[in-house]
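Chains as they are written, first to last, in numbering that gives the first Met the number 0: chain S, 0 to 69; chain G, 0 to 162. Beta carbons: idealized from backbone N, C-alpha and C, even for Gly.
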Amino acid sequence: MLNKETNQKKIIINKGKIITREELFERKEQFHKDQAKLPFEEKIKILVNMQKIVIGIKGESEKTMIWKIY
Amino acid sequence: MKKAINIINELKKKNLIEDYAIGGGIAALFYIEPFLTYDLDIFITLPPKEKEKKLIVLSPIFDYLKKKGCSWKGEHIIVEGIPVQFIPADELEEEAMNNAKTILYEGVETKVVTPEYLIAILFRAGRKKDLEKVEKLLTQAEIDEKKLNDILNSYNLKEQFNF
Chain S
0 MLNKETNQKK
10 IIINKGKIIT
20 REELFERKEQ
30 FHKDQAKLPF
40 EEKIKILVNM
50 QKIVIGIKGE
60 SEKTMIWKIY
Chain G
0 MKKAINIINE
10 LKKKNLIEDY
20 AIGGGIAALF
30 YIEPFLTYDL
40 DIFITLPPKE
50 KEKKLIVLSP
60 IFDYLKKKGC
70 SWKGEHIIVE
80 GIPVQFIPAD
90 ELEEEAMNNA
100 KTILYEGVET
110 KVVTPEYLIA
120 ILFRAGRKKD
130 LEKVEKLLTQ
140 AEIDEKKLND
150 ILNSYNLKEQ
160 FNF
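In structure tokens:
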């Protein structure tokens, strides 16, 4: 657990915008929640892209394959 | 995916299964942020005449799917490019199936297990990857806590549920 001082440490992000570590992690959490609200069809497309990335790295095996969604 | 759902719907229309619902990772994906998974778990119940038998016979389903051009890969049957696993539902899964949410996927009707039942099923399975999904469902999905508690209590899971 980080102390309050660490969490309030300021970070400069793009275009000179300043946020605290705490805000950074709050935004990260919100990003995951927003991703969770994507339409199901969109999530399936993202899943297929992940499957492509894994096969690109590891190659196809018994357990890995790319879904045909169209 | 749409074509696979259409074929699974055909199984119900042809009375090869009584009902079904999407469970497992893809059901979780419906409620939480995208993550990598490879199979589509389908909980099924068989028609009453099949239920009476002591042995669960899935061969009529697989015979039908083979005629449709589906093939086997490991323990999955590939339905229109998607590895599907048909899981005959136990008591909890059947209740989950009966209470599943009806959704449209690219205009095709299908059913997805609700997050409360999904949490109970994943928690009962208890593998690390299942518990990670429970954690995400609790933080990213809208959970009816009363419903979840009722399910956990009915299946004696509440005491161990330490989230």
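Interface flag, residue i vs chain G, CB-CB below 8 Å
i	result
Lys42 of chain S	yes
Phe39 of chain S	yes
Ile45 of chain S	yes
Beta-carbon spacing of residue i, residue j below 8 Å
i	j	result
Ile102 of chain G	Trp66 of chain S	no
Gly22 of chain G	Val107 of chain G	no
Ile16 of chain G	Ile60 of chain G	yes
Asp42 of chain S	Leu28 of chain G	The displayed chain sequence assigns Lys, not Asp, to residue 42 of chain S. For Lys42 of chain S and Leu28 of chain G, yes; Cβs fall inside 8 Å.
Ala99 of chain G	Tyr154 of chain G	no
Gly73 of chain G	Glu61 of chain S	yes
Leu39 of chain G	Ala88 of chain G	no
Ile68 of chain S	Val47 of chain S	yes
Glu121 of chain G	Asp129 of chain G	What sits at residue 121 of chain G in the sequence shown is Leu, not Glu. Against a cut-off of 8 Å, the Cβ pair of Asp129 of chain G and Leu121 of chain G comes out as a contact.
Ile142 of chain G	Pro114 of chain G	yes
Thr19 of chain S	Gln7 of chain S	yes
Contacts that residue i makes with chain G (C-beta to C-beta distance below 7 Å)
i	result
Ile68 of chain S	Met0
Minimum Cβ-Cβ distance from residue i to chain S less than 8 Å
i	result
Ile81 of chain G	yes
Cys105 of chain G	Cys is not the amino acid found at residue 105 of chain G; the sequence shown has Glu there. Taking Cβ atoms only, chain S reaches closer than 8 Å to Glu105 of chain G, which makes this a yes.
Thr36 of chain G	yes
Ile102 of chain G	yes
Partner residues on chain S for residue i, Cβ-Cβ distance less than 7 Å
i	result
Ile6 of chain G	By Cβ distance, chain S contributes nothing, its closest Cβ being about 13 Å from Ile6 of chain G, past 7 Å.
One or two residues paired with residue i in a DSSP bridge
i	result
Asp149 of chain G	DSSP, once it has assigned bridges, lists no residue as partnering Asp149 of chain G.
Pro87 of chain G	G:Ile43
Tyr104 of chain G	G:Val107
Gly22 of chain G	G:Asp40
Legend entry - Against chain G: residues of the region 19-40 of chain S by CB proximity under 9 Å: Within the region 19-40 of chain S, Glu28, Phe30, His31, Lys32, Asp33, Gln34, Ala35, Lys36, Leu37, Phe39, Glu40 place their CB atoms closer than 9 Å to a CB of chain G, listed in sequence order.
Legend entry - Interfacial residues, the region 8-34 of chain G to chain S, with Cβ spacing under 7 Å: Taking 7 Å as the Cβ-Cβ cut-off, the region 8-34 of chain G approaches chain S at Leu28, Phe29, Tyr30, Ile31, Glu32, Pro33, given in chain order.
Inset, instruction - Determine which residues of the region 49-64 of chain S have a Cβ less than 8 Å from any Cβ of chain G, and write them out in chain order. - result: Going along the region 49-64 of chain S in chain order, one finds Met49, Gln50, Val53, Glu61, Lys62, Thr63, Met64 with a Cβ nearer than 8 Å to chain G.
Inset, instruction - Please list the residues of the region 138-150 of chain G that have a C-beta atom closer than 9 Å to any C-beta atom in chain S, keeping them in chain order. - result: Residues Thr138, Gln139, Ala140.
Inset, instruction - May I ask you to list, following chain order, the residues of the region 69-93 of chain G that have a beta carbon less than 7 Å from some beta carbon of chain S? - result: Contacts with chain S (Cβ-Cβ distance below 7 Å) from the region 69-93 of chain G involve Gly73, Glu79, Gly80, Ile81, Pro82, listed in chain order.
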